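What follows is a short report on a single structure.
Protein chains in written order, with the numbering used here: chain A, 681 to 1147; chain B, 1376 to 1818.
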């Protein structure tokens, strides 16, 4: 179910909130679990079993771990939980890609008969949000093993943590330790509700009024066989703004929905285009993923404790896996590698790195440019498309004309406005949260306008659903 | 040691969440009254819309009915029901120009009114328990939505053909199904049809001329025309696909019958057009030319792509399509019924000049063979192939294209806001087919 859809806004959300506040607190975890499974199963009901399996696996492995007498046994249960969760993720997300690769390699040596595949290619429909809830689930047994979290005593509460619909399919990746207390006891105050409404309405507006607007310019680069200089730049800048507002919107809406039900989720998005380096970018973009990768992958790999070379290798490897997490495709791996190499170079050069000695405004522009190059890999479906867009961007001459069949002339002016919004405006978390009537009127109008646009037009799903 | 770790974790948790805590702290600075008023201001418009929507659905006039969650009857629609709607492409491309009530629109917008009989097919209801359809109708028309729909029940292809032939034609068309789903039901389900008709017509739209659209024929009919899969008398078990179909139907239904959506469409008219502008990856294309009413025509991108890129029959695996149709033909021979295939051209084929290659030069290059071999259109090649196998087949491209050339803008043969043919297009085709039937099967 998409947040910006009729069925979510006018059916699911009102019913969920109404029942949630009508029932006693002790039943709310159960209701949250049920409603979250409905939310998830609405798309493909059979994948609820997948989520339930991940929940049971991690819950009971956690229990077994805490009852184990020896460290060896504890480690065994940890491995079972992590391997089981990664196995689910690996099969549903990557089996198709690996079977395709295996078939391609096999065809180098064996000629197939009648154009069939030598190795059957698995065509598995990707369960939405599997990467998010798997990572969320994995964090629990690891934290338990490390002693960073308390054992979950209630299966229903744990199931509601894994399945919680506000952040189920596009983050933030919430760790059990962060909300364990709130699962047991949380407050529902007018302040939280008011703030939740603000986050939700501003997030919805970002999605339908901005992200969907900038989506219109993306095909100028990525839907063309030979994008011109102008088309390529309009397309990639549009995509950088689309993904920014799309992800920012979803993060805000997730936080807002969490607040409406008394939960305080961590910040996942902090004006990343204001970053003056790639290191800073990753402290601001998808914060819950970057901290997850840091705590559960980079540090266990040795972090920066095993020498310089190993640090660079670890950084690159972690980002490469981060790229793979986003999608089962070589272009995502290359996108991760690109960011890994940039991070490693910043680490290696330290103060000598150009981004460190450039004036901050210039460093911000350069960082944005590097991120933009990464987005070409991220958005392209294959190598030829990457080549075409890069050729348009760098090997074409500007003609100072716009193909008005692709974008309207005045659409182009929305791009610098969008960039200015990213660079100079305060984000939702930086605004003064003190509630006043004029601010409420603003939020109400923005909410109403968003609803009108949703009802009157079609909307694209959130980009981060696909990961 | 564990205590230290727990403390560290707790500190970390606080650090990670302190900003939100700060925000809620700031929010709490406001008075309780201000907070409640703020909540009311933000949520009131939404609650009002929700109340109106619920009230309209509960108290307002009955709208289209929604079929049951699962495919509980083997039929295209709920039996004895009534449906009304306007063009389907406007749902994909909600351009303000088309957001007008159908009776007020200056353009010939698609409007469909359908009632279903006791079998769930688009015919006038008989209001009696389902009985085999043989005795009343000598001709049965099968196919998809093109065969099923008209702006009124009397304007469908079956009705117009019936008028020209002066004999009843049963409309067994199955919108949203595969091209052969209805034909297989007609020819295999004895509880529906005992196969005593004189003629079964299979109408296929050009966009379905791909081998994958005919796969079910190979599952249900053997190459000698015998039935491989006897339709079960029991209700079919629901599958995941049934659920998905139902979910999509529910979402469409809710939007199509929403009162507040109608309001929103009106309220959104002054919004900048860019909000509604079509991107290049939407499934809909706008025409280059406009009609005299200044309305652009809408086309499916898929039609354009398939017509350009799969211009030749080979790329659509024409021989396999012919094999599938031949099985249906043999089935008809087995039960002593004549069989006629008609192929309806896509809107894009008839109004090609409205979407020129120049408009999308990079995405859809003009295939050279299309210019070099204009006679090698996939439908034409398929018709030749079918005729060679002794199967009667007609391509409706010629009569429709000539009618379009002779009368381009006076009366459109396809709807402006939709890819289906209009009542006029149906009429021309029905007349052409009726002449063929009279000549061919005069006895």
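Heads up, the beta-carbon is just placed ideally off N, CA and C, and yes, glycines get one too.
Small disclaimer: the values here were computed from a predicted structure and weren't measured.
field: Per-residue contacts from residue 881 of chain A into chain B (C-beta, under 8 Å)
entry: 1417
message: Does the region 844-857 of chain A come into contact with the region 894-909 of chain A, if we say contact requires no fewer than three beta-carbon pairs (one atom in each stretch) closer than 8 Å?
response: no
- prompt: Which same chain residues, not among the five before or five after residue 1584 of chain B, have their C-beta less than 7 Å away from its C-beta?
  reply: 1691, 1696, 1753, 1754, 1757
message: Which residues in chain A have a C-beta closer than 7 Å to the C-beta of residue 1618 of chain B? List them in chain order.
response: 725
- prompt: Hey, how far is the Cα of residue 1410 of chain B from the Cα of residue 877 of chain A?
  reply: 11 Å
- prompt: Between the beta-carbon of residue 1035 of chain A and the beta-carbon of residue 1028 of chain A, is there less than 8 Å?
  reply: no
- request: State the beta-bridge partners of residue 1514 of chain B as determined by DSSP.
  value: B:1544, B:1574
- request: Inspect the beta-carbon positions of residue 1816 of chain B and residue 1713 of chain B and report whether they are closer than 8 Å.
  value: yes
query: Are the Cβ atoms of residue 667 of chain A and residue 927 of chain A separated by less than 8 Å?
result: Nothing can be reported for residue 667 of chain A: it is not among the residues displayed for chain A, which extend from 681 to 1147.
- request: Grab the span of the beta strand (DSSP E) containing residue 1489 of chain B for me, first residue to last.
  value: 1486-1490
message: Please report the distance separating the alpha-carbon of residue 1835 of chain B from that of residue 1674 of chain B.
response: Here chain B comprises residues numbered 1376 to 1818, so residue 1835 of chain B is not present and cannot be evaluated.
- request: With DSSP collapsed to three states, give me the class of residue 1717 of chain B.
  value: strand
- prompt: Going by beta carbon distance, what residues of the same chain come within less than 8 Å of residue 967 of chain A, once the five residues before and after it are set aside?
  reply: 852, 946, 947, 948, 949, 950
field: Cβ-based contacts, 7 Å cut-off: residues of the region 834-847 of chain A near chain B
entry: none
- prompt: Around the Cβ of residue 1570 of chain B, are there at least 16 other Cβ atoms within 10 angstroms (buried) or fewer (exposed)?
  reply: buried
- request: Within the region 935-964 of chain A, note down every full alpha helix (DSSP H) run reaching 4 residues or more, in order along the chain.
  value: 958-964
field: Cutoff 8 Å: residue 1103 of chain A Cβ touching any chain B Cβ
entry: no
message: Does residue 1803 of chain B pass the burial test, meaning 16 or more other C-beta atoms within 10 Å, or should it be called exposed?
response: buried
query: In chain A, which residues lie less than 8 Å from residue 1412 of chain B when you measure between Cβ atoms?
result: 1117, 1120
8 Å contact criterion, which residue 936 of chain A and residue 973 of chain A should meet: CB distance rounded: That belief does not hold up - the Cβ atoms of residue 936 of chain A and residue 973 of chain A are roughly 26 Å apart, past 8 Å.
query: Does any residue of chain C bring its CB to less than 8 Å from the CB of residue 1788 of chain B?
result: Any reference to chain C falls outside this structure, whose protein chains are A and B.
query: At a Cβ threshold of 8 Å, is residue 764 of chain A touching chain B?
result: no
message: Could you give the first and the last residue of the continuous alpha helix (DSSP H) run that contains residue 1768 of chain B?
response: No alpha helix (DSSP H) holds residue 1768 of chain B; the beta strand (DSSP E) holding it covers 1767-1770.
- request: Please report how far the alpha carbon of residue 1619 of chain B lies from the alpha carbon of residue 726 of chain A, in whole angstroms.
  value: 11 Å
- prompt: In chain order, which alpha helix (DSSP H) runs of at least 4 residues are fully inside the region 975-1012 of chain A?
  reply: 988-1006
- prompt: With a cut-off of 8 Å, do at least 3 Cβ pairs link the region 1120-1128 of chain A to the region 877-895 of chain A?
  reply: yes
message: For residue 888 of chain A, count the other beta carbons within 10 Å of its own beta carbon; 16 or more makes it buried, fewer makes it exposed. Which is it?
response: buried
- request: Whole angstroms is fine: what's the gap from residue 1595 of chain B's alpha carbon to residue 1005 of chain A's?
  value: 43 Å
- prompt: If we call anything under 8 Å between Cβ atoms a contact, is residue 1047 of chain A one with residue 979 of chain A?
  reply: no
message: Does the CB of residue 1421 of chain B have a neighbour CB from chain A at under 8 Å?
response: yes
query: Can residue 1514 of chain B and residue 1560 of chain B be called in contact, C-beta distance under 8 Å?
result: no
query: What residues of chain A sit near residue 1399 of chain B, judged by a beta carbon separation below 9 Å?
result: 869, 871, 872, 875, 939, 944, 1113
- request: Scan the region 883-894 of chain A for residues whose Cβ lies nearer than 7 Å to a Cβ of chain B and list them as they occur along the chain.
  value: 893
task: Classify residue 1673 of chain B as helix, strand or coil using the three-state DSSP reduction.
output: strand
- prompt: Residues in the region 745-771 of chain A with C-beta within 7 Å of chain B's C-beta atoms, listed in sequence order?
  reply: none
- request: Can you check DSSP and say which residues form a bridge with residue 1580 of chain B?
  value: B:1719
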